[in-house]
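One point on numbering: in our numbering, the residue at position 569 of the sequence shown is 700, and numbering is uninterrupted.
Using N, Cα and C, we set each Cβ at its ideal position, and we do this for glycine too.
Before any comments, here is the structure.
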Amino acid sequence: MNTAERLVGTMAALDVEYVFGYPGGRVIEVFESLAEARAGDHPGVDPEAVPEVVRPRDEREASVMAEAYGRLTGGPAVLAGQGPWIGSLGGIGQMEARLGSSPMVVLTEASERGEYSTLAPYQQARGDYGGLDLPSILDGITKEHWFPRSPTETVRSFQLAFKHAAAGRAGPCAVVLDGDAVTDEVPEDPTPPVWDDAAQTRTWESRPTDGDVRAAADLLSEAHRPVVLAGNGVHAAGAYEELEAVAEAYDAVVATSYLGKATIAETHERAAGVIGSFGHEGANRVVSEADALLVVGCRLNPMDTNWQPASFIRPDEQAIVHADVDPRNAGWVYPADVGLIGDAAESLGALIDAAEGRLGPEDPAPGITADGWGEHGHDSALDRAAAAREDFHVPECDSDAVPIKPQRACKAVEAVVDEDTVVTADSGNNRFWLLNYLQTPARRTYFGSGGVGGMGWAPPAAVTAALMGHDAVCVAGDGGFTMTMTAVETAVDHGVAPAFVVLNDTSLGMVRQMDDAIPGVEFHDTDFVKAAEAMGGAGTRVTDPDDLEPAIADAKAADVPTVVDVRIDREEDMAEQLQSSFYAEVGGLHE
Ligand SMILES: Cc1ncc(C[n+]2csc(CCOP(=O)(O)OP(=O)(O)O)c2C)c(N)n1
Ligand SMILES: [Mg+2]
132 MNTAERLVGT MAALDVEYVF GYPGGRVIEV FESLAEARAG DHPGVDPEAV PEVVRPRDER
192 EASVMAEAYG RLTGGPAVLA GQGPWIGSLG GIGQMEARLG SSPMVVLTEA SERGEYSTLA
252 PYQQARGDYG GLDLPSILDG ITKEHWFPRS PTETVRSFQL AFKHAAAGRA GPCAVVLDGD
312 AVTDEVPEDP TPPVWDDAAQ TRTWESRPTD GDVRAAADLL SEAHRPVVLA GNGVHAAGAY
372 EELEAVAEAY DAVVATSYLG KATIAETHER AAGVIGSFGH EGANRVVSEA DALLVVGCRL
432 NPMDTNWQPA SFIRPDEQAI VHADVDPRNA GWVYPADVGL IGDAAESLGA LIDAAEGRLG
492 PEDPAPGITA DGWGEHGHDS ALDRAAAARE DFHVPECDSD AVPIKPQRAC KAVEAVVDED
552 TVVTADSGNN RFWLLNYLQT PARRTYFGSG GVGGMGWAPP AAVTAALMGH DAVCVAGDGG
612 FTMTMTAVET AVDHGVAPAF VVLNDTSLGM VRQMDDAIPG VEFHDTDFVK AAEAMGGAGT
672 RVTDPDDLEP AIADAKAADV PTVVDVRIDR EEDMAEQLQS SFYAEVGGLH E
């Protein structure tokens with residue numbers, strides 16, 4: 132058996148569902164092997180277990196699809212392609228996976244040319260003199276990477292890539308195939324041995340110490356206004372039940388980070404919305420008024436922390452419990468009183484158990500003014516959460532104005548979201564409008580580009596969501612949509628039908644609104660309806676707000692991918708309206 136065949140066997144043994152990729156270089160042999168194995172030509176490999184190949188229109192799209200798969204399922208898909216393109220176009224999905232902690236395995240190659248490799252190079256990416264240095268590129272964007280030189284090393288590296296992609300804080304792990312190793316025979320009984328695929332790739336959960344759990348439970352149970360701040364780690368661990376139960380056990384409000392949006396239904400009685408510089412004022416307020424914070428699965432990046440104004444999170448005054456699967460993340464941005472290191476479901480579960488028998492704070496809650504807390508400081512958790520949730524609505528959400536208000540467009544999206552729906556959100560003004568005015572009615576109904584936050588994430592991510600069986604709705608700006616609108620064709624290819632809602636202001640709205648003298652912010656008026664039709668999809672342009680809800684509902688129900696080109700009011704100033712008062716305190720200059 133040659134190496135390419137053996138790698139396909141590993142993928143089948145590990146139940147890899149999809150290879151998102153583009154053929155080129157030595158990866159072509161892997162693609163061939165995948166086809167042979169699916170046709171039943173690989174003895175011992177069940178054709179049904181061989182992953183399906185999805186070949187989008189370029190490596191960027193493939194990388195985003197693979198990242199979205201990891202985020203939605205918690206397990207890795209494989210991104211496969213030729214080195215120079217995986218190291219460039221394919222960088223976006225890998226960066227999102229790295230900063231957003233999504234598991235993903237990358238199978239690429241160095242375009243190694245044997246004896247020619249040390250001569251003037253063409254495509255060659257081994258990192259030797261004169262060529263491209265793919266290992267260095269991957270070093271900068273992946274969690275781990277390997278450059279094996281023999282068949283045995285290649286098989287072992289591929290196994291380890293699966294293990295490391297999922298172990299602890301998840302991320303993208305890459306293997307660079309080298310030269311003839313791809314087609315050479317894999318030795319039967321190498322020393323040291325290659326272990327069984329499943330055995331070599333196992334990972335185990337981790338959980339916090341009893342002492343740390345007790346200390347955290349003490350702080351939380353003695354608090355008058357505890358708040359849970361849930362991040363992407365709750366999605367990653369699937370710790371949804373535990374999140375609600377811990378909030379119940381300590382009578383806490385739940386706010387989320389941007390990547391943690393929809394870790395709790397935002398209609399839930401304890402949900403307060405999304406914190407951050409362009410998040411909900413009410414959610415920010417609830418966090419600032421907390422006397423104890425349980426941060427779970429959230430690194431607290433500057434957008435989450437409103438760029439750290441003195442009035443927001445205050446480690447000197449607030450008790451901070453920071454739960455994270457990576458010990459380096461707990462207490463990173465703000466000193467924590469207690470770190471809970473482990474899987475979010477384990478940490479939350481331990482806190483739920485530890486709450487039993489605790490009676491809550493001995494003293495009555497402090498009054499409004501006595502201790503200087505804000506006006507909502509004395510209310511019950513449910514009252515504080517309900518007050519915060521009012522920020523999911525503003526009068527513009529009901530506006531019949533033409534051009535269509537972006538706030539109204541978000542409510543039209545909200546109207547079609549049920550528990551089977553996954554909304555994928557892009558970058559730019561559109562994402563902040565949506566995060567504020569889409570009040571998710573169920574968990575896991577929203578995922579956004581926000582690890583690195585690249586434009587063009589939402590369209591391919593929606594195709595992945597649709598492949599996973601969800602009713603997928605992509606929401607993007609016209610800039611981001613144009614970058615990856617070939618996702619419409621990928622959807623057609625695979626018989627799935629996401630809806631693509633474009634909040635179209637014929638410009639790079641977020642940049643234009645900073646200063647419309649910035650060169651390059653205007654777009655010409657692209658006909659997205661024609662573009663969609665040209666790729667086998669359908670499209671409609673909406674200018675009248677009355678047509679909006681039906682158009683989005685029809686697009687969602689359609690059996691071909693359908694683009695809804697919503698012409699929004701480009702004068703509606705995102706930053707001016709959505710900037711939080713906390714962010715304003717530090718000058719509002721950073722994004
Ligand atoms: C790939 C990529 N390039 C550049 C940026 C920087 N950026 C963030 S938002 C934005 C404007 C987005 O325009 P559009 O997609 O039309 O959304 P809008 O702000 O108009 O809603 C830019 C250029 C980015 N996040 N990703
Ligand atoms: Mg735009």
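Task: Whether Ala386 touches Val417 by CB criterion (7 Å) - done: Against a cut-off of 7 Å, the Cβ pair of Val417 and Ala386 comes out as a contact.
Q.
Going by DSSP in three states, Tyr149 sits in which element: helix, strand or coil?
A. Look at Tyr149 here: in three-state DSSP terms it is strand.
So, using beta-carbon positions, are Val632 and Gly667 closer together than 7 Å? No, these two residues do not count as a Cβ contact at 7 Å.
| request: Using 6 Å as the cut-off, classify the Cβ of Gly610 as near or not near the heavy atoms of ligand 2, replying yes or no. | output: With a cut-off of 6 Å, the C-beta of Gly610 is classified as near ligand 2, since at least one heavy atom of the ligand falls inside that distance.
Return helix, strand or coil for Leu238, following the three-state DSSP convention. In the structure shown, Leu238 adopts extended strand secondary structure according to DSSP, grouped into three states.
What residue does the alpha helix (DSSP H) around Arg416 start on, and which one ends it?
In this chain, the alpha helix (DSSP H) harbouring Arg416 covers Glu412 to Ser419.
Own chain, CB closer than 6 Å to Ala682, minus 5 neighbours either side, in chain order
Closer than 6 Å at Cβ, skipping near neighbours: Thr671, Val673 and Val695.
ask   = From which residue to which residue does the alpha helix (DSSP H) around Trp564 run?
value = Looking at the DSSP string, the run of the alpha helix (DSSP H) that includes Trp564 is Asn560 to Tyr568.
Quiz item: Going by Cα to Cα distance, which pick from Leu269, Asp270 and Gln255 is closest to Leu263?
Solution: Looking from the CA of Leu263, the closest CA among Leu269, Asp270 and Gln255 belongs to Gln255.
According to DSSP, simplified to helix, strand and coil, what is Gly498? In this prediction, Gly498 scores a pLDDT of 44, lower than 50, which makes its location untrustworthy; no coordinate-derived value is stated.
_Buried or exposed for His655, going by 16 or more other Cβ atoms inside 10 Å?_
Burial check for His655: the Cβ neighbour count within 10 Å stays below 16, so the residue is exposed.
> Arg137 lies in the alpha helix (DSSP H); which residues open and close that run?
Replying inline: Taken as a continuous stretch (DSSP letters only), the alpha helix (DSSP H) holding Arg137 covers Thr134 to Ala144.
Does the distance from the CB of Ala414 to the CB of Ala403 come in under 7 Å?
A contact, by the Cβ cut-off of 7 Å.
Segments assigned beta strand (DSSP E), at least 3 residues, entirely inside the segment 279-350
Counting only runs of at least 3 residues, the segment 279-350 fully encloses the following beta strand (DSSP E) elements, listed from N- to C-terminal order: 303-308.
For the alpha helix (DSSP H) holding His366, just list the boundary residues, first then last. Per DSSP, His366 belongs to the alpha helix (DSSP H) from Asn363 to Ala368.
**Request:** Compute the Euclidean distance between the alpha carbons of Ala663 and Pro591, then round it to the nearest angstrom.
**Result:** Looking at the two C-alpha atoms, the distance is approximately 14 Å.
- Would you identify the three-state DSSP class for Gly503, choosing helix, strand or coil? Residue placement at Gly503 is flagged as unreliable, the pLDDT there being 42, under the threshold of 50; the coordinate-derived value follows with that caveat. Gly503 sits in coil when the DSSP states are folded into three classes, being neither helix nor strand.
Separation of Gln538 from Glu545, as counted between CA atoms: The straight-line gap from Cα to Cα measures roughly 11 Å.
- Closest to Gly640 by CA distance: which of Ser232, Ala630, Ala628 and Glu653 is it? Of Ser232, Ala630, Ala628 and Glu653, the residue nearest in Cα terms is Glu653.
* Which of the three DSSP states, helix, strand or coil, is assigned to Phe631? -> Three-state DSSP puts Phe631 in a strand.
* **From Leu679, Ala543, Thr595 and Thr141, residue whose alpha carbon lies closest to that of Trp326** => Comparing Cα-Cα distances from Trp326 to each of Leu679, Ala543, Thr595 and Thr141, the minimum goes to Thr141.
key: Bridge partners - Cys605, DSSP secondary structure assignment   = Under DSSP, Cys605 shares a beta bridge with Thr555 and Phe631.
Checklist line | Alpha-carbon spacing of Arg188 relative to Gly584, whole angstroms | finding: The alpha-carbon atoms of Arg188 and Gly584 are separated by roughly 21 Å.
Please say whether Asp522 and Glu412 have beta carbons closer to each other than 7 Å?
Contact: yes.
Review point. Would you call the segment 256-276 and the segment 306-324 touching, i.e. three or more CB-CB distances under 8 Å?
Key: Contact holds between the segment 256-276 and the segment 306-324, because three or more Cβ pairs, one in each stretch, are under 8 Å apart.
| task | Can you say whether Val533 is buried or exposed, counting buried as having 16 or more other CB atoms within 10 angstroms of its CB? | result | Note on Val533: under 16 other CB atoms within 10 angstroms of its CB, so exposed under the neighbour-count rule.
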